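For the sequence shown, the residue numbers in the numbering used here are 10 to 108.
Where a beta carbon is used, it is the ideal one built from N, C-alpha and C, also for glycine.
What you are looking at is a predicted structure, and each value in this text was computed from that prediction instead of being measured.
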Amino acid sequence: MGIGTKIAALGRRRVVAMKGHVFVRSGDGRRFLVPLSYLTTSIFRELLRISAEEYGLRCDGPITMPCDASTMEYIMSLLRCRAPLDVEMALLLSIFRGT
């Protein structure tokens, strides 16, 4: 295991994230491998803020995101295709209306 890798514990099995990536978990438990560059986007900053409020700040294991797996898949697809900021913000508003 080299420098710059992250480990996620899955029961007794350990999985190493590729360099430049981090594991996060959706609210329903599905694991996602996220490029570190995504963590600076508006949508991920807000997800991380809400996650800290809902689940607290953990230092062991993947961060739990405050949305389900299908929403995480959609967010990841938007970021892969470099959707405009207004699309990210509209998604955030639709997901977190009322929080």
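Contact set for residue i: own chain, Cβ-Cβ below 7 Å, skip 5 residues either direction
i     : result
ASP77 : SER35, GLY36 and ASP37
Other residues of its chain near residue i: CB distance less than 8 Å, five sequence neighbours each side excluded
i     : result
SER60 : ILE72, THR73, MET74 and PRO75
Through-space distance from residue j to residue i, alpha-carbon basis
i      : j     : result
LEU42  : MET81 : 11 Å
SER79  : PRO93 : 20 Å
ARG58  : ALA99 : 17 Å
ARG106 : VAL96 : 15 Å
GLU55  : CYS90 : 19 Å
Burial state of residue i (16 or more Cβ within 10 Å)
i     : result
VAL33 : buried
LEU45 : exposed
THR14 : Confidence is the limiting factor: at THR14 the pLDDT is only 45, short of 50, which leaves the residue's position unreliable, though a coordinate-based value still follows. Exposed is the call here.
DSSP bridge partner residues for residue i (one or two, in chain order)
i     : result
ARG34 : ARG40 and THR73
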